[in-house]
Amino acid sequence: VTGVVACGEGHSAAVVNHGKVVISLGANDSGQLGGGHDEVCSEPVEAKLPSGIQVIGLSCGAYFTVALLSNGDAYGWGENSSGQLGLLHKKDVSGPQRIP
Numbered sequence: 003v004t005g006v007v008a009c010g011e012g013h014s015a016a017v018v019n020h021g022k023v024v025i026s027l028g029a030n031d032s033g034q035l036g037g038g039h040d041e042v043c044s045e046p047v048e049a050k051l052p053s054g055i056q057v058i059g060l061s062c063g064a065y066f067t068v069a070l071l072s073n074g075d076a077y078g079w080g081e082n083s084s085g086q087l088g089l090l091h092k093k094d095v096s097g098p099q100r101i102p
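Just so we're aligned, residue 3 is where the sequence shown starts under this note's numbering, counting upward by one.
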């Protein structure tokens, strides 16, 4: 899967490289780009997802991003103040976390 694009409040994300990579750019105050930091980026940032597993779905909320992998796992990153990532806590995360 390549060509999947999703947009949040101030960031955009895309699946590239035949579904192997998620890149994002734009606002990043909650870590919604997935690069492990919270700096705004005008150049694409790669989210560190497990290698060798294809990304088959991608969605963005206002300040967070969620990816669905071909093995059925979902990963989320960014704002989580209301628990919207499903991570069993309410802390923002700046890198992909497997959703239990």
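Idealized CB from N, CA, C, for every residue including glycine.
Beta-carbon gap between residue i and residue j smaller than 8 Å
i: A64; j: G10; result: yes
i: C24; j: L51; result: Per the sequence shown, the amino acid found at residue 24 is Val instead of Cys. In this structure, L51 lies closer than 8 Å to V24 by Cβ.
i: A49; j: G33; result: no
i: S44; j: S26; result: no
i: L70; j: I58; result: yes
Close-in-space but distant-in-sequence residues of the same chain around residue i (CB under 7 Å, 5 per side omitted)
i: S61; result: A8, V68
i: Q86; result: G63, F66
Strand pairing of residue i, partner residues [DSSP]
i: S72; result: Answer is none; S72 lacks a bridge partner.
i: L60; result: A69
i: I25; result: A16, E48
i: G2; result: No statement about residue 2 is possible, as the shown extent of the chain runs from 3 to 102 and does not include it.
i: V6; result: None, per the DSSP bridge assignment.
Sequence-distant residues of the same chain with beta carbon closer than 8 Å to residue i, five excluded per side
i: P84; result: Here residue 84 turns out to be Ser, not Pro, going by the sequence shown. Around S84: K92.
i: P102; result: G88, L89, L90
Distance between residue j and residue i (C-alpha atoms, nearest Å)
i: S72; j: E81; result: 24 Å
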